[in-house]
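Take 5 as the starting number for the sequence shown in UniProt numbering and just add one per residue. Glycine included, C-beta positions come from ideal geometry on N, C-alpha and C. In this text, all values refer to a predicted model and were calculated from it rather than measured experimentally. See below for the structure under consideration.
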Amino acid sequence: LILYVLNGPNLNLLGVREPDIYGRETLADVQAMCEAAAVGARVVFRQSNHEGQLVDWIQEARTEADALVINPAAFTHTSVALLDALKTLSIPVVECHLSNPAAREAFRHHSYVSLAATGVIAGFGPHSYELAVRAALDLARRAGA
Ligand code: DQA
């Protein structure tokens, strides 16, 4: 089983960026948590600040991945391009957020990505990723991957 975990803009600064909201764990810590949670699967873990790069990786996941976890970060609330790319996938897609966007500013309340997500996990800090990884792999296995 191959699981893609994709991360959007500014998540490379995790740990130093607004730690009161996003916590002190770094993206490397989150990657280690994902790898530990992905029992029996290989994790392809990536981050980009560039929308087009994320679109390219989603397209790659079409043929390479059995499941996808994505934290689109700010692109969650802006990107029709990510939504359209995700709509081309037939694998489980779990949208993942460290914070709970529904409990924050109004501009974070709408997610384009949710329109193409199988489900959403938000608000548990780095543990959101663990839960998302488990959910994505569980769905992939149920689908026979
Ligand atoms: C985020 C929430 C987004 O609203 C924000 O733009 C981020 C991170 C989260 O993980 O909580 O960059 O996706």
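**OP:** Kindly examine the ligand DQA and report whether one of its heavy atoms sits closer than 7 Å to the Cβ of Pro-105.
**Re:** Looking up residue 105 in the sequence shown gives position 101. Yes, the Cβ of Pro-105 comes within 7 Å of a heavy atom of the ligand DQA.
Subject >> Touch test, the stretch 11-19 against the stretch 49-56, Cβ-Cβ under 8 Å, three pairs minimum >> reply: yes
**OP:** Would you mind reading off the limits of the beta strand (DSSP E) that contains Val-73?
**Re:** Within the sequence shown, the letter at position 69 stands for residue 73. Per DSSP, Val-73 belongs to the beta strand (DSSP E) from 71-75.
Original post:
Does at least one heavy atom of the ligand DQA sit under 7 Å from the Cβ of His-101?
Top reply: The residue labelled residue 101 in the question sits at position 97 within the sequence shown. His-101: yes, Cβ under 7 Å from the ligand DQA.
Original post:
Using DSSP with H/G/I as helix, E/B as strand and the rest coil, what is Gly-123?
Top reply: Within the sequence shown, the letter at position 119 stands for residue 123. Strand at Gly-123.
Subject >> Span of the alpha helix (DSSP H) around Leu-143 >> reply: Within the sequence shown, the letter at position 139 stands for residue 143. Residues 131-146.
**OP:** Assign His-101 to buried or exposed, taking buried as 16 or more other Cβ atoms, counted over all protein chains shown, within 10 Å of its Cβ.
**Re:** Counted from its first residue, the sequence shown places residue 101 at position 97. Answer is buried; the Cβ neighbour count reaches 16.
**OP:** Answer yes or no: do Leu-7 and Asp-60 have a C-beta to C-beta separation smaller than 8 Å?
**Re:** Taking the sequence shown and counting its residues from 1, the one referred to as residue 7 is at position 3. Taking the sequence shown and counting its residues from 1, the one referred to as residue 60 is at position 56. No, Cβ-Cβ distance for Leu-7 and Asp-60 is not below 8 Å.
Original post:
Mind checking Asn-104: buried by the 16 CB within 10 Å criterion, or exposed?
Top reply: Looking up residue 104 in the sequence shown gives position 100. Looking at its Cβ environment, which holds fewer than 16 other Cβ atoms inside 10 Å, Asn-104 is exposed.
Original post:
So does Ala-144 have its beta carbon nearer than 7 Å to some heavy atom of the ligand DQA?
Top reply: By one-based count along the sequence shown, residue 144 stands at place 140. Because no heavy atom of the ligand DQA lies under 7 Å away, the Cβ of Ala-144 does not count as near it: no.
Original post:
Are Thr-67 and Ser-115 touching if we call contact CB-CB under 8 Å?
Top reply: Residue mapping note: residue 67 aligns to position 63 of the sequence shown, counting from 1. Residue mapping note: residue 115 aligns to position 111 of the sequence shown, counting from 1. Cβ distance not < 8 Å, so Thr-67 and Ser-115 don't count as in contact.
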